[in-house]
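Visitor: Numbering (the numbering used here), first residue to last: 175 to 492.
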Amino acid sequence: MSRALDDRVREALKCGNHDEVYDRISAALAQRCDKLLEIEFLGQSYGLITHNSFMQEDNAIGLPKLRLIQAFIVARRKLNAHLSGEQTMSDQEVLEATAVILVMDAEHLTAANTRKRVLAKATAELLLQEKYFIDSILTSPLHRHTKSPNLWSHRRWLVDRFKALGLPTDVADDMRRVVFVSGERHPRNYYAWCHARYLVTTVGMDRDAMATTLEDCKKWCFRHHDDVSGWMFLMFLLDRTPTYAGDIIMQTLKLAESLQWCNESVWYFVRNLAMSKSKGGKLPEDFSRVLESLRKCADEEERRTLDKTAAWIETRSS
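(1) Contact check, S356 vs L210 under 8 Å by CB: the rounded distance?
(2) Taking only three categories from DSSP, how would you classify G236?
(3) Suppose you measure from the CA of T417 to the CA of L341; what does that come to, to the nearest Å?
(4) When DSSP builds the beta bridges, which residues end up paired with M229?
(5) Checking 8 Å against the spacing of the C-beta atoms, do L325 and A273 come in under that value?
(6) Less than 8 Å between the CB atoms is what I'm expecting for L339 and A298, so what's the real figure, rounded?
(7) Along the chain, which unbroken stretches of the alpha helix (DSSP H) at least 4 residues long are found entirely within the segment 433 to 488?
(8) Cβ of M384 within 8 Å of Cβ of T415?
(9) Are the beta-carbon atoms belonging to A430 and V464 less than 8 Å from one another?
(10) First and last residue of the beta strand (DSSP E) that includes L216?
(11) Looking at N437 and D400, is the spacing between their C-beta atoms short of 8 Å?
(12) Grouping DSSP H, G and I as helix and E and B as strand, with all else coil, what is C395?
(13) How many angstroms separate the CA atom of G236 from the CA atom of V248?
(14) So, using beta-carbon positions, are V402 and L373 closer together than 8 Å?
(15) Could you give the C-beta distance for L293 and R335, rounded to a whole number, given that I count them as a contact under 8 Å?
(16) My output table needs one value for S491: the three-state DSSP class, helix, strand or coil.
(17) Spatial neighbours of T343 within its chain, please: C-beta separation below 8 Å, excluding the five flanking residues on both sides.
(18) When you compare only the Cα positions, how much space is there between D193 and C395?
(19) What is the residue span of the alpha helix (DSSP H) that R302 lies within?
(20) Leaving out five residues on either side along the sequence, give the residues of the same chain with a beta carbon under 8 Å from the beta carbon of R445.
(21) Taking the alpha helix (DSSP H) that Q266 falls in, what are its first and last residues?
(22) How long is the line joining the alpha carbons of K252 and R330, rounded to whole angstroms?
(23) Rounded to a whole number of angstroms, what is the C-alpha to C-alpha distance between V268 and S327?
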């Protein structure tokens, strides 16, 4: 959402009941549905032609820019008064105000840190509610939020709190419902994939969960074959479970030939996996044939990628 305000929005902000809008939006963000909330910003003009604070259908919430700004003005005023000691707020009121602020500004460090202070002494139920809220905004179609270092850092802190209190974390489910979705919302999502590695190394998974995550990640990469971040996470997983490497590289080669994948992301993965310790440094039998077959139908840039792959393999093999 652009932070620029046009003249109509500026004029509309001079009137209206900001506190009422804040109450409605903060309540909407505090709800919990069967699925994660899917929050989306509506166009600038929407709030000018309706008195609704937001639109909702099932778990999907649409926030007009004007209404969100109105709520943000109140939330920021409340938080500043609380932090300065001018006004005392309950923990629930602090969470409501900071939720509005983080939806408006994903990088608001004061809001995130204030939530941490409240949650540091929270019960398991409140921590689960926080996880639901953070996961909702990390996976919503909000471009700044899905790749927000502040929000991913907050989620990491939350996972640490779960671990300290002995609360279970389903890593395979977190991958499927949060990391992979966020990676789809924002391609090459560095912070999402770093969090995925953190979950694997810090929380850990049993053999079944690892197999599930490997399969889910493989399917994700096949659906987003031009996203190198996904392929590198798949490589990260295969380094820990090398017995799956042979099957996955053969499936990747077969699909690359069928769909004529000549992009660098795929072949960077294929070449490194083919020559990795998990494969014993041995090329699959079909490797050279697939490479040559694709070269015949590739354009000039794609041929350069394939040629670089062949040259890299030859250098490492000699």
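We put the beta carbon where it would ideally sit given N, CA and C, even for glycine. For clarity, every value in this text was computed on a predicted model and none was experimentally measured.
Guide: In this structure, then:
(1) That belief does not hold up - the Cβ atoms of S356 and L210 are roughly 11 Å apart, past 8 Å.
(2) strand
(3) The C-alpha of L341 is placed about 31 Å away from the C-alpha of T417.
(4) G236
(5) no
(6) 7 Å
(7) Every unbroken stretch of the alpha helix (DSSP H) spanning 4 or more residues and falling wholly within the segment 433 to 488 is given here in chain order: 438 to 448 and 461 to 471.
(8) yes
(9) Taking C-beta atoms as the reference points, A430 and V464 count as a pair closer than 8 Å.
(10) E212 to L216 is the span of the beta strand (DSSP E), which, as asked, contains L216.
(11) yes
(12) helix
(13) Going by the C-alpha atoms only, they are around 19 Å apart.
(14) no
(15) With a Cβ gap of about 7 Å, L293 and R335 count as contacting.
(16) If DSSP states are grouped into helix, strand and coil, S491 belongs with the helices.
(17) V333, F336, K337, L373 and V377
(18) 45 Å
(19) Residue identity check: residue 302 is Leu in the sequence provided, not Arg. Taken as a continuous stretch (DSSP letters only), the alpha helix (DSSP H) holding L302 covers A298 to T313.
(20) T483, W486 and I487
(21) D265 to M278
(22) 27 Å
(23) 20 Å
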